[in-house]
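Enquirer:
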Amino acid sequence: MNEGASKAEILAETGSVLGLDRVSFSVNEGEILVVMGLSGSGKSTMLRCLNRLVEPTAGSIRVDGTEVTSLSTKALREFRRETFGMVFQHFALFPNRTIAENVEYGLEIQGLDRKTRREHALEAIELVGLKGWDSKVPRQLSGGMQQRAGLARALCADAGILLMDEAFSALDPLIRRDMQNELRALQRKLRKTIVFVSHDLDEAIHLGGRIVLMKDGAIAQSGTAEEILLDPQGEYVRRFVEHIDVSSVVTLGRLVRPQPRLFEGAAAEDAWPLVEPRGGRAEDIFVVTCERDTPVGRIDRNRLTAPASRGQRLDRLMDGGIARAPASTVLKSVLPLLASEPHGIAVVDDDNRFLGLLTRETALRALSGQRPNEERDTAWNGSSPTMEASANSLWTTSPATPSIGSPSISRH
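The letter at position 153 of the sequence shown is residue 155 when you use our numbering, and the numbering goes up by one with no holes.
1) Excluding five sequence neighbours on each side, which residues of the same chain lie with their C-beta closer than 8 angstroms to the C-beta of Q235?
2) From what residue to what residue does the beta strand (DSSP E) around S62 run?
3) Could you say which of R186, R120, A60, F86 lies nearest to A102 if we only look at CA atoms?
4) Output the distance between the C-alpha atoms of V248 and L153, rounded to the nearest integer angstrom.
5) Does D317 come out as helix, strand or coil in the three-state DSSP assignment?
6) Using 8 angstroms as the Cβ pair cut-off and three pairs as the minimum, do the segment 264-273 and the segment 339-346 touch?
7) Suppose you measure from the CA of L232 to the CA of E128; what does that come to, to the nearest Å?
8) So is N183 buried or exposed if we call it buried at 16+ other beta carbons inside 10 Å?
9) What is the DSSP secondary structure of Q182, reduced to helix, strand or coil?
10) Within its chain, find whatever has a CB closer than 8 angstroms to the CB of V239; leave out the 5 residues flanking it on each side and keep chain order.
11) CA-CA distance, G131 and L40?
12) Relative to the C-alpha of R300, which candidate in G313, P309, M320 has its C-alpha closest?
13) Taking the DSSP output, what are the residues bridged to M147?
14) Anyone know if the C-beta pair for F90 and D174 falls short of 8 angstroms?
15) At which residues does the alpha helix (DSSP H) containing F81 begin and terminate?
16) When the Cα atoms are used, what is the spatial distance from V258 to T296?
17) Return yes when the Cβ of F81 is within less than 8 angstroms of the Cβ of T68, no when it is not.
18) Between K138, P140, A159, G146, which lies nearest to L114 when the distance is taken from Cα to Cα?
19) Give the DSSP bridge partners of I287, in chain order.
20) Whose CA, out of E293, D218, L13, lies closest to the CA of G44?
21) Under the assumption that T85 contacts V56 (Cβ atoms under 8 angstroms), give the Cβ distance between them as a whole number of angstroms.
22) In or out: T16 buried (at least 16 other Cβ within 10 Å) or exposed?
23) Using the Cβ count rule (16 or more neighbours within 10 Å means buried), how would you classify T75?
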């Protein structure tokens, strides 16, 4: 592998399968990271390497400073119990135990007394919406309810990191979406760090967070759903995302065209240096803001730069009122508004501060699959990594960036 041989070449020459090929990433505390790819891409192998259910042959796995690959068998067993909760595609519930007994099992093997572990189990059962079902056995529950019980078992142990391997893929579509919504609600409340394996891009997008897309044991591309949809790297990724509705994923904050700040109390000639160097068409529209940086109106280039405007304040020259939308809004939800606003929509942050202008042209570029302006690319800001994985044949260490849960993971 170090000499550049492909996975197929290694298999042909040695009979060994290269499971992970120089995979390196980290996950932020409290983040959901979705690992996806086709069957055989290495996503489940990667997940199981994190807690050494699959033993890596090379590389490094660090959780909050602990080097997982150096732990002895006994230390690893304890570390797993305290750090990781795992939810499988097949619910893996004990058929002869009640739901409460299944949920408290992790605490039972930790040696907690019956009263304490039952209290924790009932809390977890209520958290996932199974209150009143604690005395039932698995066969008395539907598939979706059994998956909730599996999730409750992972939550009951109070592990900082949840490893979820195709956890919802065996469920019917409607129940599956309900479980996705349930997981998002739990994440907002508990702030667990979650590594979620899936082969479904719609599911990855719905869960939110970053996506690591794998192919033949290597990372084909990683980033937010918006980044991958707007700038797919390579034919494999393009085919993966080609049927996704871009407008239902991309947010306005990714698309806005930056503009100079034009303060309503400024004189027109003071604004000329801000708009003239930009060139462009005479009909260009500029947003005017108040002292709180909130959009209050618009003005076109002709009126702003006309000799008759010299000495006049912008609030006397502008057209008052302008449509606004938050940066976190997805494009699809503002298309009707954009259709009625020929000059565009002012995009604002959570405090109503002006970020830029969304025009019909920009929206059409996004819908047609063209990249937004390079100047719109911004770095992701997050907490420091609590879990990192790297490898020579499995993981490779790189400098710290975003990471996962009470432990976590971010990618490099």
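We put the beta carbon where it would ideally sit given N, CA and C, even for glycine.
Expert: According to the structure data:
1) A222, Q223
2) 62-65
3) R120
4) 31 angstroms
5) helix
6) no
7) 40 angstroms
8) exposed
9) helix
10) L215, A222, Q223, I230
11) 32 angstroms
12) M320
13) Looking at the DSSP assignment, M147 forms no beta bridge with any residue, so it has no partner.
14) no
15) 75-85
16) 16 angstroms
17) yes
18) A159
19) D302
20) D218
21) 17 angstroms between Cβ atoms; not a contact.
22) exposed
23) exposed
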